[in-house]
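Number of protein chains: 2
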Amino acid sequence: MRNNNADLRVIRTKESIRHALVELINEKGFEAITVKDITTMAKINRGTFYAHYQDKFDLMAKCEEEIMLDMSRITKQNFPSVIAALETDSKTLTPLSLTVTLFEYLNINSEFMKAVLGPKGDLSFQTRLKEFMWETLYGNNPNAFIKEENFLVPGQYLASYMGTAIIGVIQQWLESGRKESPQEMARILTTITVNGPYFAAGLKK
Amino acid sequence: MRNNNADLRVIRTKESIRHALVELINEKGFEAITVKDITTMAKINRGTFYAHYQDKFDLMAKCEEEIMLDMSRITKQNFPSVIAALETDSKTLTPLSLTVTLFEYLNINSEFMKAVLGPKGDLSFQTRLKEFMWETLYGNNPNAFIKEENFLVPGQYLASYMGTAIIGVIQQWLESGRKESPQEMARILTTITVNGPYFAAGLKK
DNA sequence: ATAAGTAATGAACAACCTGTTGTTTATTAC
DNA sequence: GTAATAAACAACAGGTTGTTCATTACTTAT
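Protein chains in written order, with UniProt numbering: chain S, 1 to 205; chain B, 1 to 205.
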């Protein structure tokens, strides 16, 4: 039986297609990209593109899917349960070591992440990543973080607030050139979340 | 000299174009919309569309620009300075009354806002709105909220965190059917921001 | 009320992009 | 070495785009 995925031509073709996609998103935004743009930049025949993907949406979906699966796999591999992650961090409420791991992955795939999370990127991917980050970092917290009604505000708004805020910090990190290490970013994110933005700014004791 | 903008035909045409745009974004996402779709739904000739807008991107940009100008105008009208807004609220750190005003505007234009901030919306608009909200609500705070280096974390990450978090709360409100009043939403947003998410959830004293 | 000015219409146009088809070429497994 | 398999290709029909032009319908200023 043949192993299709091992064919060097396939690997080369797919790599140049995906590289061209990232380039073009940064250049003109996913919106304005045509299949012709991609194949021209990837230096392949347009027919070849359709042999691998249905259209540009299919290409995008498969790239995003791969990223999400990777993150899921890495998370489960390193931290089979959130409880274990929390114990690693000696009694903080947020799994710091897990956050470091995720930032390390973002760092490796920064080219793609920067493209799809940037202003010309894909809003639906942002939504999916937001939900993933929320669930991974806080959603399964054994302290049952979000209840229907929380202490001061409805739980759904707390979840949206924190989920979106994480994405914002990631975007800022990617756009400003990833000057901080993944470790430092995890510390920053955890600090703001645990203490609240006003305290972190020094405006509140 | 004639005033072209007053021509009832122009007003009617533009209104039906913009209404069709909102409908279509909710239906299939901005991405997939063709100019033909818009003109068919708006029941106008395709040539008429090109008499008013260069293409669908130009249409979108002009709609967004109008919203941003509106919000800017309303803000300046009601609160010429952030200091005045803060004084209205008897010594909180966040301008609650200003937040209410902004949520009231979002409420009136909820159809459009829901479309462009939803999963099928426009990421670049989200970025612009984020920056506007940040600057309006916190950026000009006389307490000089964000410095180059803050107490615990770099200021740029605090700004991104809070700016994006606001957008997240707004998105959640629009998507879940705007059950809360603008007043209630302003209270929720202010509460989380001032106290921090962990406190608001009841996990921290 | 009317005339002048302006917007909207329908039709036609070339240019472009799309997705598919049938064919050729290169690689791999036996 | 040969047969199976899949990538690469050129050519095609169908649809969208942005423009133009003559004609019709509507609005406004006088």
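Heads up, the beta-carbon is just placed ideally off N, CA and C, and yes, glycines get one too.
Within 10 angstroms of its Cβ, does S90(B) collect 16 or more other Cβ (buried), or is it exposed?
On the second sequence, residue 90(B) is found 90 positions in, with the first residue counted as 1. Only weak support exists for where S90(B) lies, its pLDDT of 48 falling under 50; the coordinates are left without a value.
Could you check what DSSP says for P154(B) in three-state terms: helix, strand or coil?
As a working note, residue 154(B) is residue 154 in the second sequence. Here P154(B) sits in strand by DSSP.
Within the continuous alpha helix (DSSP H) that includes S72(B), where are the two ends?
The sequence position of residue 72(B) within the second sequence is 72, counting from 1. In the DSSP annotation of this structure, the continuous segment of the alpha helix (DSSP H) that includes S72(B) starts and ends at 56 to 78.
Return the chain-ordered list of same chain residues with a C-beta closer than 7 Å to the C-beta of V22(B), the five sequence neighbours on each side being excluded.
As a first step, residue 22(B) is located in the second sequence; it is residue number 22 there, counting from the start. Once the five neighbours on either side are set aside, the close Cβ partners of V22(B) are E111, F112, A115.
Using the Cα positions of I192(B) and R178(B), report the straight-line distance between them to the nearest angstrom.
Locating residue 192(B) in the second sequence gives position 192, counting from the first residue. Locating residue 178(B) in the second sequence gives position 178, counting from the first residue. Straight-line spacing of the CA atoms in I192(B) and R178(B) works out to 18 Å.
So which residues of chain B does T151(S) contact, with C-beta pairs closer than 7 Å?
Counting from one through the first sequence, the residue named residue 151(S) turns up at place 151. In the sequence on display, residue 151(S) carries Phe and not Thr. Going along chain B in sequence order, the residues near F151(S) (Cβ under 7 Å) are A200, A201, G202.
Extent of the continuous alpha helix (DSSP H) to which residue 206(S) belongs
Beyond the ends of chain S as shown, which are 1 and 205, falls residue 206(S); an answer cannot be given.
Beta-carbon within less than 6 Å of L59(S)'s beta-carbon, same chain only, minus the 5 sequence neighbours each way: which residues are those?
The count along the first sequence starts at 1 and reaches residue 59(S) at position 59. Cβ neighbours of L59(S) beyond the five flanking positions: Y53.
One question on the structure: do A186(B) and T99(B) come within less than 8 Å of each other, judged by their Cβ atoms?
Counting from one through the second sequence, the residue named residue 186(B) turns up at place 186. Counting from one through the second sequence, the residue named residue 99(B) turns up at place 99. Yes, these two residues count as a Cβ contact at 8 Å.
Got a sec? Which residues, its chain only, sit under 8 Å from R46(B) by beta carbon, not counting five neighbours each side?
Counting from 1 along the second sequence, the entry for residue 46(B) is found at position 46. The residues V35, K36, T39, in chain order, have a CB closer than 8 Å to that of R46(B) in the same chain once the five nearest residues on each side in sequence are set aside.
Indicate the three-state DSSP secondary structure (helix, strand or coil) for N107(B) in the structure shown.
Within the second sequence, residue 107(B) is the residue found at index 107, counting from 1. Here N107(B) carries a helix assignment [DSSP, helix/strand/coil].
Indicate whether at least one CB of chain B lies closer than 8 Å to the CB of G177(S).
One-based indexing of the first sequence puts residue 177(S) at position 177. Taking CB atoms only, G177(S) has no neighbour in chain B less than 8 Å away.
Positions along the region 104 to 117 of chain S whose CB lies within less than 7 Å of some CB in chain B
Legend: CB atoms of the region 104 to 117 of chain S lying less than 7 Å from CB atoms of chain B are not found in any residue.
Near-chain S residues of the region 156 to 171 of chain B - C-beta to any C-beta below 7 Å
Within the region 156 to 171 of chain B, Q156, Y157, L158, S160, Y161, M162, G163, T164, A165, I167, G168, V169, Q171 place their CB atoms closer than 7 Å to a CB of chain S, listed in sequence order.
Residue 211(S) lies in the alpha helix (DSSP H); which residues open and close that run?
An answer regarding residue 211(S) cannot be provided, because it is not within the stretch 1 to 205 covered by chain S.
Take every Cβ of the region 15 to 34 of chain S, pair it with every Cβ of the region 124 to 140 of chain S, and state whether three or more of those distances are shorter than 8 Å.
Flag = no, the region 15 to 34 of chain S and the region 124 to 140 of chain S do not touch.
Interface residues of chain B facing E31(S) [CB-CB closer than 7 Å]
The residue labelled residue 31(S) in the question sits at position 31 within the first sequence. Going along chain B in sequence order, the residues near E31(S) (Cβ under 7 Å) are E31.
Within the 8 Å Cβ cut-off, does T39(B) reach chain S?
Taking the second sequence and counting its residues from 1, the one referred to as residue 39(B) is at position 39. Not flagged as an interface residue toward chain S: T39(B), since no C-beta distance is shorter than 8 Å.
Against chain S: residues of the region 120 to 136 of chain B by CB proximity under 8 Å:
For the region 120 to 136 of chain B, the beta-carbon criterion of a distance under 8 Å to any beta-carbon of chain S is satisfied by K120, G121, D122, L123, S124, Q126, T127, K130.
Out of N109(S), G121(S), P80(S), L102(S), which has the shortest C-alpha to C-alpha gap to F57(S)?
Here residue 57(S) is taken as the residue at index 57 of the first sequence, counted from 1. F57(S) has its Cα closest to that of G121(S), out of N109(S), G121(S), P80(S), L102(S).
Taking only beta-carbon atoms, is T101(B) less than 8 Å away from chain S?
Within the second sequence, the letter at position 101 stands for residue 101(B). Nearest CB-CB separation between T101(B) and chain S: not below the 8 Å threshold.
Beta-carbon gap between T164(B) and A165(S) smaller than 8 Å
As a working mapping, residue 164(B) is identified with position 164 in the second sequence. As a working mapping, residue 165(S) is identified with position 165 in the first sequence. Yes. Within cutoff.
Assigned secondary structure, R178(S) (DSSP; H/G/I helix, E/B strand, else coil):
Within the first sequence, the letter at position 178 stands for residue 178(S). Three-state result, R178(S): coil.
Any idea if Y138(B) is buried or exposed, counting beta-carbon neighbours within 10 angstroms, 16 or more meaning buried?
Looking up residue 138(B) in the second sequence gives position 138. With 16 or more Cβ atoms within 10 Å of its Cβ, Y138(B) is classed as buried.
What does the Cβ neighbour count give for S108(B), buried or exposed, with the cut at 16 atoms within 10 Å?
Within the second sequence, residue 108(B) is the residue found at index 108, counting from 1. Reading off the sequence, residue 108(B) comes out as Ile, not Ser. Result: exposed.
Spatial neighbours of G29(S) within its chain, please: C-beta separation below 6 Å, excluding the five flanking residues on both sides.
In the first sequence, the residue the question calls residue 29(S) occupies position 29. Around G29(S), the same chain offers K120 as residues with beta carbons nearer than 6 Å, after the five sequence neighbours per side are excluded.
The region 41 to 58 of chain S: positions lying closer than 9 Å to chain B by Cβ:
So the close ones are F57.
Got a sec: is the Cβ-Cβ distance from G196(S) to anything in chain B below 8 Å?
In the first sequence, counting from the first residue as 1, residue 196(S) sits at position 196. Yes, contact with chain B.
By the three-class DSSP mapping on this structure, what secondary structure does T13(S) have?
Against the first sequence, residue 13(S) aligns to sequence position 13. Here T13(S) carries a helix assignment [DSSP, helix/strand/coil].
With 16 other CB atoms within 10 Å as the buried threshold, where does Y50(S) fall?
Within the first sequence, numbered from 1, the residue matching residue 50(S) stands at position 50. It is exposed - the Cβ of Y50(S) has fewer than 16 other Cβ atoms within 10 Å.
Do we get a CB-CB distance below 8 Å when we pair T75(S) with the residues of chain B?
As a first step, residue 75(S) must be located in the first sequence, where it is residue number 75. Interface residue (Cβ-Cβ distance to chain B less than 8 Å): T75(S) is not classified as such.
Relative to the C-alpha of S72(B), which residue among M41(B), W134(B), D55(B), S16(B) is closest?
Against the second sequence, residue 72(B) aligns to sequence position 72. Checking every option, the nearest Cα to that of S72(B) belongs to W134(B).
Step through the CB atoms of chain B and report whether any lies within less than 8 Å of the CB of T13(S).
Counting from one through the first sequence, the residue named residue 13(S) turns up at place 13. No, no contact with chain B.
Where L69(S) falls, given that 16 or more other Cβ within 10 Å makes a residue buried:
Within the first sequence, residue 69(S) is the residue found at index 69, counting from 1. Under a 10 Å Cβ-count criterion, L69(S) is classified as exposed, with fewer than 16 other Cβ atoms of the shown protein chains found around its own Cβ.
For G118(S), three-class secondary structure by DSSP
Here residue 118(S) is taken as the residue at index 118 of the first sequence, counted from 1. Under the three-state reduction of DSSP output, G118(S) falls in the coil class, being neither helix nor strand.
Alpha carbons only, please: which of T136(S), E131(S), M41(S) is nearest the one belonging to K76(S)?
Position 76 of the first sequence, counted from the start, is the residue given in the question as residue 76(S). It is T136(S).
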